[in-house]
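Participant:
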Amino acid sequence: MPDKSSNAYHADSAHSNGKERDYVLGTHDAEVDRLNFQHSVWRSEVQQAWANAGIGRGARVIDVGAGPGFASVDLAELVGPAGRVLAAERSGRFLRILGEIAAAAGHRNIETAEIDLMTHAIPGTGFDAAWCRWVACFVPDPGKLVDRIHDALRPGGAAVFHEYVEYESYQLLPPSAPVRSFVEAVFESWRSQGGEPNIARALPRLLTDRGFDLRAVRPIALAARPSDRLWNWPAGFIRTNVPRLVELGMRDEAWGRAALDAVAAAERDSASIFVTPTVLEIIATKR
Ligand SMILES: C[S@@+](CC[C@H](N)C(=O)[O-])C[C@H]1O[C@@H](n2cnc3c(N)ncnc32)[C@H](O)[C@@H]1O
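According to this note's numbering, the stretch in the sequence shown is residues 103 to 389, in order.
#1: Exposed or buried, N119, counting other C-beta atoms within 10 Å across all chains shown (16 or more means buried)?
#2: Starting from W357, trace the alpha helix (DSSP H) in both directions and tell me its first and last residue.
#3: Just the C-alpha distance for P242 and E191, rounded to the nearest angstrom, thanks.
#4: For E290, tell me which candidate among A204, R307, I384, E270 has the shortest Cα-Cα distance.
#5: Could you check whether the region 159 to 169 touches the region 360 to 369, counting it as contact only if at least three pairs of C-beta atoms, one from each stretch, sit closer than 8 Å?
#6: Please go through the region 206 to 288 and give each complete alpha helix (DSSP H) segment of 4 or more residues, from N-terminal end onward.
#7: If you check the beta carbons only, do G391 and I217 fall under 8 Å apart?
#8: For R320, which residues does DSSP report across the bridge?
#9: Which same chain residues, not among the five before or five after Q295, have their C-beta less than 7 Å away from its C-beta?
#10: Buried or exposed: where does L275 fall if 16 or more other Cβ atoms within 10 Å of its Cβ makes it buried?
#11: If we count Cβ pairs, one from each stretch, closer than 8 Å, do we get three or more for the region 364 to 381 versus the region 247 to 254?
#12: Name the one or two DSSP bridge partners that D315 has.
#13: Are G158 and C234 closer than 8 Å when you measure CB to CB?
#14: Please report the distance separating the alpha-carbon of R136 from that of A367.
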């Protein structure tokens, strides 16, 4: 764990003189709101994953690539005052928001480490568990990410992943060409920055080659109608990511309008269904 006199650890070269460490989806307010909503619709699956991995009171857990820390706060609640949560994240902006959320919730058992996981080790060793959701799909070297987690866990400690195994299952029914084109653009944008949407396909081998035993796997695929709260997860990602793809110069505004119009029209049609990208839950323990 980092220095107990402060709850924040900064790796100098990850801090980059106050320059924000952006990632392909951005770290702006709309992305923070999206991550908050996303966590709220996924919360029950996440709590199931933590229970499956045996994470409970008193555990010392790393939230790997924590973002603004919506899961970190739930983990802090789960492990209680005798436990500890270390939120390791590259974005200083996300970690400042995490600090505010943790303070508002009255959690004193969350520490932060502002690190780039590709260039820096997770500070500390002997952790009981690591939670890693939608991070391996964005890093250029997922094997290194697995090594970082391995180094920080105690023998027998659990690594719990929620990563996509079949991103192509993200679709609107009846089928929509603009939404299919949006999903293709997502593949392109993540890959252009060194990521891989379907990284869960590679994780089992990466884990067993790097000192882990696989314990459990569970696919999670969901579907939503326009009246369901969950609808806003796949629909909302299109609404926030279309402007981002245009801003990154990957697509033009007319393309963006077609995707947004398709979602708006589907929302008014009671026959519409959004099928979500399929996540694979993987639980592995350090040998
Ligand atoms: C989709 S967000 C997921 C955030 C959080 N795990 C959650 O489930 O809400 C991906 C996160 O990974 C972080 N990230 C991506 N590459 C990273 C790296 N090399 N080092 C540290 N964090 C990284 C991003 O900054 C972002 O916060």
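Where is the CB? At the ideal position from N, CA and C, for every residue including glycine.
Facilitator: To lay it out plainly:
#1: Position 17 of the sequence shown, counting from 1, holds the residue named residue 119. Caution is warranted here: a pLDDT of 43 is assigned to N119, below 50, making its placement in the model unreliable, and the coordinate value is therefore given only provisionally. So N119 ends up on the exposed side.
#2: Along the sequence shown, one-based indexing puts residue 357 at 255. W357 -> alpha helix (DSSP H) spans 355 to 369.
#3: For the purposes of this step, residue 242 is taken as residue 140 along the sequence shown, with counting starting at 1. For the purposes of this step, residue 191 is taken as residue 89 along the sequence shown, with counting starting at 1. In this model, P242 and E191 are separated by some 15 Å (Cα to Cα).
#4: In the sequence shown, the residue the question calls residue 290 occupies position 188. Among A204, R307, I384, E270, the Cα nearest to that of E290 belongs to E270.
#5: The way I'd put it, the region 159 to 169 doesn't touch the region 360 to 369; fewer than three beta-carbon pairs between them come closer than 8 Å.
#6: The region 206 to 288 contains these whole alpha helix (DSSP H) runs: 244 to 254.
#7: There is simply no residue 391 to check, as the chain begins at 103 and stops at 389 in what is shown.
#8: Counting from one through the sequence shown, the residue named residue 320 turns up at place 218. The partner list for R320 (beta bridge, DSSP) reads E383.
#9: On the sequence shown, position 193 is the one that residue 295 refers to. Around Q295, the same chain offers V126 as residues with beta carbons nearer than 7 Å, after the five sequence neighbours per side are excluded.
#10: By one-based count along the sequence shown, residue 275 stands at place 173. Result: exposed.
#11: Taking a cut-off of 8 Å on C-beta distances, the region 364 to 381 does not touch the region 247 to 254, as fewer than three cross pairs fall below it.
#12: Within the sequence shown, numbered from 1, the residue matching residue 315 stands at position 213. Partner(s): T387.
#13: What you label residue 158 is simply residue 56 of the sequence shown in a count that begins at 1. What you label residue 234 is simply residue 132 of the sequence shown in a count that begins at 1. No; because the gap between Cβ atoms is not below 8 Å, this pair is not in contact.
#14: Here residue 136 refers to the residue found at position 34 when the sequence shown is read from its first residue. Here residue 367 refers to the residue found at position 265 when the sequence shown is read from its first residue. Near 21 Å, if we compare the C-alpha coordinates of A367 and R136.
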